[in-house]
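Using mature numbering (1 follows the signal peptide of the UniProt record, and there is no 0), the letters of the sequence shown correspond one by one to residues -16 to -1, 1 to 231.
For glycine and all other residues, C-beta sits at the position ideal for the given N, C-alpha and C.
On a predicted model such as this, the values are computed, not experimentally measured, just so you know.
So the structure is just underneath, and the comments pick up after that.
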Amino acid sequence: MSGILLLLLCLQECIGSRALAGSKRTPEVIGVGVTAHVSVSYDESYSVTPILGAELRDSGGADHEHLWPAFQALFEKVLTEPQYPVRMVQRHFNNQSVMIKMNLFKTSQNTSIPIKFKGMNKSVDGPQTLQNLIKYGESAHDSNDTIFYFLTQYPVLEENRRGDNVPRSLGEISTRATFCTTSVSAAVVRYDLTKGDYWSTEEATAHIMGVNTGIRIRPWERMDMKLIFSRCYNDTARESEEEPIEV
């Protein structure tokens, strides 16, 4: 009897060890050769950002020259300048074996996109601004692997019709699973440049790519992302097609 119990204990330990090893299995690498082209619009809230110092005040507001490297640091590029917090959206995905690239190709201040929340000069209506951003994206006629972001340092609010009717504060509001489809991919994000907190931007990007939450990509969400990426233009596939054949 003791021998049988010992055998059962050994089997249980072996099965448990295999299950643990399986749970630590490296996730499948996806997104290789896929590039998300990033278009950033922003409002006047960045014209008084202390982190950019006197340069913006002297130039009369937030301009392309000074904000471009700051937004690059958010999405794609490691910078050595200490004044720009490096919180890359691309790095977050790459660390989870989603090897997409983020390419910032346009930034511009745009006063026609944001809708102020019920007359509040320093609060943005999230849902209405998102609809304006989608219309802006439709008029741009860019490729379907383009993501349009509207960034603001003002609170992003949403109407709340329950309880005390206090508006909900949003970190982001975005389209869902629209990347590389016929629909515009767009996100309205509150991004505080002085803190460099990129979580809301990363979460919005994850939603656009078919993930419900951006903190951790679950196995079934990875499969959804893989399907979405299969519809995208792929640099690696194009390069392999153009390689000369040796004879």
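Nonlocal neighbours in the same chain, by C-beta distance under 7 Å from Gly37, ignoring five residues either side: Position 53 of the sequence shown, counted from the start, is the residue given in the question as residue 37. Unreliable positioning characterises Gly37 in this predicted model, as indicated by a pLDDT of 45, which lies under 50. The coordinate reading is nonetheless provided below. Excluding sequence neighbours, Gly37 sits near nothing in its chain.
Where Phe132 and Asp148 are concerned, what is the direct C-alpha to C-alpha distance, given to the nearest angstrom?
As a first step, residue 132 must be located in the sequence shown, where it is residue number 148. As a first step, residue 148 must be located in the sequence shown, where it is residue number 164. Answer to the nearest angstrom: the Cα atoms are 33 Å apart.
- Task: Under 8 Å by Cβ, that's how I've got Thr220 and Ile192 pegged, so tell me the actual separation to the nearest angstrom.
- Result: Here residue 220 refers to the residue found at position 236 of the sequence shown. Here residue 192 refers to the residue found at position 208 of the sequence shown. The Cβ separation is near 21 Å, so there is no contact.
Practice item. Could you please give the first and the last residue of the uninterrupted alpha helix (DSSP H) stretch that includes Ser92? Key: Here the question's residue 92 lines up with position 108 in the sequence shown. Element bounds for Ser92: not the alpha helix (DSSP H) but the beta strand (DSSP E), Lys85 to Gln93.
For Asn79 and Thr197, what's the separation of their Cα atoms in angstroms? Position 95 of the sequence shown, counted from the first residue, corresponds to residue 79. Position 213 of the sequence shown, counted from the first residue, corresponds to residue 197. So the alpha carbons of these two residues sit roughly 15 Å apart.
Rounded straight-line distance, which links the Cα of Met72 to that of Ala57: In the sequence shown, counting from the first residue as 1, residue 57 sits at position 73. In the sequence shown, counting from the first residue as 1, residue 72 sits at position 88. Near 6 Å, if we compare the C-alpha coordinates of Met72 and Ala57.
Please name the residue in Asn87, Arg202, Ser123 and Tyr138 whose C-alpha comes closest to that of Thr10. For the purposes of this step, residue 10 is identified with residue 26 of the sequence shown, where counting begins at 1. Checking every option, the nearest Cα to that of Thr10 belongs to Arg202.
Subject >> For Tyr26, the three-state DSSP class (helix, strand or coil) >> reply: As a working mapping, residue 26 is identified with position 42 in the sequence shown. It is a strand residue.
Legend entry - Nearest-angstrom Cα separation, counted from Ser25 out to Arg146: The sequence position of residue 146 within the sequence shown is 162, counting from 1. The sequence position of residue 25 within the sequence shown is 41, counting from 1. Using only the alpha carbons, I get a separation of about 32 Å.
### Task
Would you mind reading off the limits of the alpha helix (DSSP H) that contains Tyr120?
Reading the sequence shown from its first residue, position 136 is the one you call residue 120. Note, Tyr120: alpha helix (DSSP H), Gly110 to Ala124.
(request) Return the chain-ordered ranges of every alpha helix (DSSP H) run that is complete within the region 130 to 193 and spans a minimum of 4 residues. (result) 183 to 192
Boundaries (first-last residue) of the alpha helix (DSSP H) holding Lys210: Here residue 210 is taken as the residue at index 226 of the sequence shown, counted from 1. In the DSSP assignment, Lys210 falls within the alpha helix (DSSP H) that extends over Pro203 to Phe213.
Checklist line | Collapsed DSSP secondary structure at Thr19 in the structure displayed | finding: On the sequence shown, position 35 is the one that residue 19 refers to. Thr19: strand per DSSP, three-state reduction.
- Query: Under the three-state reduction of DSSP, which class applies to Val73: helix, strand or coil?
  - Reply: Walking along the sequence shown from the start, residue 73 turns up at place 89. DSSP places Val73 in helix when its eight states are reduced to three.
_Using 8 Å for Cβ pairs, my map puts Leu141 next to Val108. What's the rounded Cβ distance?_
Your numbering for residue 141 matches position 157 in the sequence shown. Your numbering for residue 108 matches position 124 in the sequence shown. The pair is a contact, with the Cβ atoms about 7 Å apart (cut-off 8 Å).
inquiry  = Could you compute how far the alpha carbon of Gln112 sits from the alpha carbon of Lys102?
reply    = Taking the first residue of the sequence shown as position 1, residue 112 is located at position 128. Taking the first residue of the sequence shown as position 1, residue 102 is located at position 118. One C-alpha to the other measures close to 11 Å.
- request: Just mark Val172 as buried or exposed, buried being the case when its beta carbon has 16 or more other beta carbons within 10 Å.
  value: For this step, residue 172 is matched to residue 188 along the sequence shown. Under this definition Val172 is a buried residue.
Beta carbon of His21, beta carbon of Phe89: below 7 Å? For the purposes of this step, residue 21 is taken as residue 37 along the sequence shown, with counting starting at 1. For the purposes of this step, residue 89 is taken as residue 105 along the sequence shown, with counting starting at 1. Yes, the pair counts as a contact, with Cβ atoms nearer than the cut-off.
Applying the criterion that 16 or more other CB atoms from any shown protein chain within 10 Å of the CB defines a buried residue, is Ala188 buried or exposed?
Residue numbering aside, residue 188 sits at position 204 when the sequence shown is read from its first letter. Buried, because 16 or more other Cβ atoms sit within 10 Å of the Cβ of Ala188.
Report task. Compare the C-alpha of Phe55 against each of Met104, Lys179 and Ser167 and name the closest. Result -> Taking the sequence shown and counting its residues from 1, the one referred to as residue 55 is at position 71. For Phe55, the nearest C-alpha among the options comes from Lys179.
Margin query: Here's the rule: buried if 16 or more other CB atoms are within 10 angstroms of the residue's CB, otherwise exposed. What is Thr95?
Written below: The residue given as residue 95 occupies position 111 in the sequence shown. That one is exposed.
* **Beta-carbon gap between Gly121 and Ala170 smaller than 7 Å** => Locating residue 121 in the sequence shown gives position 137, where the first residue counts as 1. Locating residue 170 in the sequence shown gives position 186, where the first residue counts as 1. Cβ distance < 7 Å, so Gly121 and Ala170 count as in contact.
Check: For Gly15, which residues from the same chain have a beta carbon less than 6 Å from its beta carbon, with the 5 sequence-adjacent residues on both sides left out?
Finding: As a working note, residue 15 is residue 31 in the sequence shown. For Gly15, where only same-chain residues beyond five positions count, the Cβ hits under 6 Å are Val82, Met83, Ile84 and Phe213.
Beta-ladder partner(s) of Ile14, from DSSP | Counting from 1 along the sequence shown, the entry for residue 14 is found at position 30. The partner list for Ile14 (beta bridge, DSSP) reads Val82.
What residues match up with Lys102 in a beta bridge as DSSP calls it?
For this step, residue 102 is matched to residue 118 along the sequence shown. Answer by DSSP bridge pairing: none, since Lys102 is not bridged.
**Status (buried if at least 16 other CB within 10 Å, exposed otherwise) for Arg206** = Translated into the one-based positions of the sequence shown, residue 206 becomes position 222. Buried.
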